[in-house]
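What follows is a short report on a single structure.
Chains as they are written, first to last, in the numbering used here: chain A, 7 to 301; chain B, 13 to 262.
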């Protein structure tokens with residue numbers, strides 16, 4: 007009798023302490039979320055507000071004039087486009103190929119663990135060191151000179167770890183049932199990877215690609231040493247030409263040219279942001295297409 | 013007439029011996045059931061027949077598995093060709109995240125069938141054979157993942173049949189399905205044995221009794237007894253078989 011009374015009491019009495027702890031924790035998590043979102047909104051908002059007045063058709067379609075203080079930034083936009091596309095072309099096949107090897111073919115053991123540690127460490131190497139590496143290997147040793155190809159290859163090395171790690175995770179997350187089903191109808195291992203594993207892993211792989219593109223488009227230090235020109239008011243003729251690039255151009259107009267109007271700095275920043283946005287959008291659309299076709 | 017002969021088959025996962033000196037034959041155009049408690053080696057045995065165990069690391073196999081008179085563990089044997097002749101259906105329905113049509117056409121495409129009319133014909137025939145055509149003929153281009161569990165499993169059967177295999181291996185094909193879907197698959201198996209040899213692993217002794225002609229009883233990696241299903245369930249030779257089929261353990 008007494009026992010059942012105790013039970014009823016504990017069920018119907020509100021546990022104030024528990025409720026308060028819960029409230030405090032929820033408030034903390036909300037705060038964390040805001041702490042992440044607010045700076046993002048502030049940075050993007052600030053650049054849009056400051057730069058939107060500058061960005062018009064002539065700004066993105068004309069050559070710079072008057073020591074870059076007037077005119078547009080077309081060569082820098084084109085340079086960054088070339089670099090990003092080149093970086094994707096070099097890093098994507100290589101990175102996805104390496105991930106396929108590591109997950110599907112390599113005997114799991116000491117060697118693969120070593121490779122994975124190496125890849126992770128590579129992701130932590132400062133970008134200026136990549137720049138120096140690119141300068142030594144691509145610019146001088148391979149004799150590409152300061153060029154689009156040297157810059158794109160250097161950026162490709164920089165984002166390779168991101169591509170490999172995310173692709174590996176994506177490939178590993180494909181259920182084994184699909185592989186077995188494919189092999190059981192007499193598909194070879196490679197056909198299984200090509201027709202079943204990769205289509206299914208593609209959305210995840212593209213996520214890595216998106217992250218990589220963002221980095222490649224925004225990095226300044228590696229291209230500073232391998233490709234970027236201070237001022238070239240013309241379009242590149244070949245992959246072995248130097249080009250201007252948006253991040254480096256932004257650095258120059260912000261610090262290296264006295265009397266540079268504010269509007270050009272923020273306009274350049276906004277165009278860079280927009281360009282990365284466009285790449286994200288394209289990658290996201292491809293991602294969606296794969297997602298819809300596989301589910 | 014036998015289509016597969018197994019002689020003194022040992023299988024090791026590392027140091028663990030999962031199959032011990034298994035000797036049996038699989039009869040052509042019959043349904044052979046593999047029964048036994050969990051971990052007895054029946055699924056492992058099934059997967060030795062189309063070399064699916066090749067995928068697992070540290071597997072060692074001794075002994076002989078002859079398919080139509082040829083040793084399937086021969087180094088010169090083309091595993092891909094073998095799997096075209098010995099199809100497989102898995103425990104969990106695993107259609108590809110593609111359309112119904114592409115699921116069935118997957119195998120034929122991999123061995124080079126490109127002609128649209130040929131593919132259409134194979135897809136239709138296979139789906140009809142798997143008793144699924146009427147249910148999906150209007151949604152061939154929709155995702156296979158939208159089908160019910162039972163339909164998905166029959167689609168997986170159609171996918172295997174599209175290769176015109178000699179043998180169909182089934183690893184507990186109904187254990188993830190409800191009784192009605194199970195019933196349909198069992199009816200289907202009875203139909204299919206006219207043209208195919210079927211080897212089925214099952215947890216359900218009732219299922220083995222209902223659909224199989226021969227039953228192999230496994231226990232701790234050993235094949236205890238193989239005989240006509242009637243004999244195994246009414247008059248087994250081994251005491252352990254009798255204990256199992258009468259429900260005294262397992």
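Note that beta-carbon positions come from the ideal geometry of N, C-alpha and C, so glycine has one too.
Nearest-angstrom Cβ-Cβ length linking residue i and residue j, presumed shorter than 8 Å
i                      : j                      : result
residue 129 of chain A : residue 99 of chain A  : So it is not a contact: roughly 19 Å between Cβ atoms.
residue 176 of chain A : residue 211 of chain A : 5 Å
residue 88 of chain A  : residue 154 of chain A : 5 Å
residue 159 of chain A : residue 96 of chain A  : 6 Å
residue 24 of chain B  : residue 71 of chain B  : 7 Å
residue 172 of chain B : residue 191 of chain A : 6 Å
residue 239 of chain A : residue 70 of chain A  : 6 Å
residue 175 of chain B : residue 259 of chain B : That pair is no contact at about 38 Å.
Inter-residue Cα distance where the pair is residue i and residue j
i                      : j                      : result
residue 77 of chain B  : residue 184 of chain B : 22 Å
residue 213 of chain A : residue 89 of chain B  : 41 Å
residue 173 of chain A : residue 107 of chain A : 11 Å
residue 20 of chain A  : residue 29 of chain A  : 14 Å
residue 75 of chain B  : residue 196 of chain B : 37 Å
residue 56 of chain B  : residue 142 of chain A : 55 Å
residue 221 of chain B : residue 47 of chain B  : 10 Å
residue 207 of chain A : residue 181 of chain A : 10 Å
residue 112 of chain A : residue 92 of chain A  : 28 Å
residue 97 of chain B  : residue 91 of chain B  : 10 Å
residue 263 of chain A : residue 252 of chain A : 15 Å
residue 20 of chain B  : residue 233 of chain B : 12 Å
residue 65 of chain B  : residue 179 of chain B : 17 Å
residue 186 of chain B : residue 215 of chain B : 9 Å
residue 234 of chain A : residue 26 of chain B  : 57 Å
residue 102 of chain A : residue 125 of chain A : 13 Å
residue 184 of chain A : residue 243 of chain B : 38 Å
residue 61 of chain A  : residue 55 of chain A  : 11 Å
residue 124 of chain B : residue 18 of chain B  : 32 Å
residue 278 of chain A : residue 122 of chain A : 33 Å
residue 261 of chain A : residue 272 of chain A : 13 Å
residue 155 of chain B : residue 131 of chain A : 44 Å
residue 227 of chain A : residue 255 of chain A : 12 Å
residue 127 of chain A : residue 169 of chain A : 14 Å
residue 204 of chain B : residue 177 of chain B : 12 Å
residue 30 of chain B  : residue 53 of chain B  : 6 Å
residue 293 of chain A : residue 215 of chain A : 10 Å
residue 199 of chain A : residue 179 of chain A : 13 Å
residue 156 of chain A : residue 195 of chain A : 35 Å
residue 73 of chain B  : residue 285 of chain A : 52 Å
residue 49 of chain A  : residue 68 of chain B  : 51 Å
residue 198 of chain B : residue 50 of chain B  : 22 Å
residue 248 of chain B : residue 230 of chain B : 13 Å
residue 3 of chain A   : residue 204 of chain A : Outside the modelled stretch of chain A, which goes from 7 to 301, sits residue 3 of chain A, for which no answer is possible.
residue 34 of chain B  : residue 100 of chain B : 21 Å
residue 190 of chain B : residue 148 of chain B : 20 Å
Closest residue to residue i among the options (Cα-Cα distance)
i                      : options                       : result
residue 212 of chain B : B:191, B:141 and B:44         : B:44
residue 160 of chain B : B:105, B:222, B:246 and B:219 : B:105
residue 241 of chain A : A:205, A:44, A:256 and A:67   : A:67
residue 135 of chain B : B:158, B:162 and B:166        : B:166
residue 192 of chain B : B:163, B:215 and B:170        : B:163
residue 38 of chain B  : B:122, B:13, B:242 and B:62   : B:13
residue 281 of chain A : A:80, A:39 and A:132          : A:80
residue 64 of chain A  : A:270, A:52, A:256 and A:200  : A:270
residue 231 of chain A : A:59, A:287, A:250 and A:36   : A:250
residue 259 of chain A : A:149, A:115, A:298 and A:236 : A:236
residue 81 of chain B  : B:110, B:40 and B:116         : B:40
residue 225 of chain A : A:161, A:145 and A:47         : A:161
Residues bridged to residue i [DSSP beta-bridge criterion]
i                      : result
residue 19 of chain B  : B:76
residue 230 of chain B : B:235
residue 111 of chain B : B:155
residue 82 of chain B  : B:79
residue 37 of chain B  : B:17
residue 45 of chain B  : B:212 and B:227
residue 291 of chain A : The partner list for residue 291 of chain A (beta bridge, DSSP) is empty, contrary to what the question assumes.
residue 54 of chain B  : For residue 54 of chain B, which the question treats as bridged, DSSP gives no partner whatsoever.
residue 29 of chain B  : B:24
residue 98 of chain B  : B:179
Please give the ranges of any beta strand (DSSP E) in the region 121 to 190 of chain B, keeping only runs that are unbroken, at least 3 residues long and fully inside the region.
179 to 183
In chain order, which continuous runs of the alpha helix (DSSP H) of length 4 or greater are located wholly inside the region 71 to 159 of chain A?
80 to 106, 116 to 130 and 133 to 140
Quick check on the DSSP output: what are the complete alpha helix (DSSP H) runs of length 4 or more inside the region 191 to 234 of chain A, in order along the chain?
Look at the region 191 to 234 of chain A and you find these whole runs of alpha helix (DSSP H), each 4 residues long or longer: 195 to 198, 204 to 224 and 227 to 232.
List, from N- to C-terminal side, the alpha helix (DSSP H) runs of 4 residues or more that fit wholly inside the region 20 to 75 of chain A.
List check, alpha helix (DSSP H) in window: 22 to 57 and 63 to 67.
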